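Residue numbers (our numbering): 23 to 136.
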Amino acid sequence: MSLEINPTEQIIKIAAISLKGRLDAFEAPALRKTCDEYIANGFDHFVFDLTDVAMIDSAGLAVLVSVLKRARQKNGDVRLVWPREEAASRILKLTKFDQVFVSIEKSEIVPKGF
23 MSLEINPTEQ IIKIAAISLK GRLDAFEAPA LRKTCDEYIA NGFDHFVFDL
73 TDVAMIDSAG LAVLVSVLKR ARQKNGDVRL VWPREEAASR ILKLTKFDQV
123 FVSIEKSEIV PKGF
């Protein structure tokens with residue numbers, strides 16, 4: 023009897039994206055385009071480092087929700103590193119993003135053990 027080998031390979035592609043400045047209606051399209059390119063290339067897990075984001079408006083929030091929806095359709099997910107700026111952090115809390123997105127520490131962006 024011969025050995026039957028059936029390997030199952032699962033590769034998780036994680037896009038870690040650091041943002042700095044304002045995530046608003048003027049800047050959101052560039053982020054959306056970047057994320058669209060990652061998704062087209064098979065990425066289904068995203069980490070957005072919002073540490074240095076000073077302000078987020080509805081257009082910025084919409085990009086994050088859109089990426090979350092598309093990632094989850096591919097069994098992926100999105101994690102957020104919370105902003106330091108109170109204004110940006112408050113918007114995320116008011117819109118209940120803290121209940122929708124998993125928040126991680128900046129040190130958790132790169133998985134340990136590699």
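Backbone N, C-alpha and C fix where the C-beta goes; we use that ideal spot for every residue, glycine too.
Note that the structure is predicted; figures quoted are calculated from it, not measured.
Asked                                                                                                                                                                : Found
Where do the N-terminal and C-terminal ends of the alpha helix (DSSP H) with Ile-33 fall, by residue?                                                                : Looking at the DSSP string, Ile-33 is not in any alpha helix (DSSP H), and its letter there is neither H nor E.
Please name the residue or residues paired with Gly-43 in a DSSP beta bridge.                                                                                        : Val-75
Output the boundary residues of the beta strand (DSSP E) element that contains Ile-126.                                                                              : 124-126
Quick check: is any heavy atom of the ligand PLP less than 6 Å from the C-beta of Lys-115?                                                                           : With respect to the ligand PLP, the structure offers nothing, as it holds no ligand at all.
Please list, in chain order, all residues of the same chain as Ile-142 whose beta carbon is under 8 Å from its beta carbon, the five residues on each side excluded. : With the chain covering 23 to 136 only, the question about residue 142 has no answer from this structure.
Alpha carbon to alpha carbon, how far is Lys-96 from Ile-33?                                                                                                         : 13 Å
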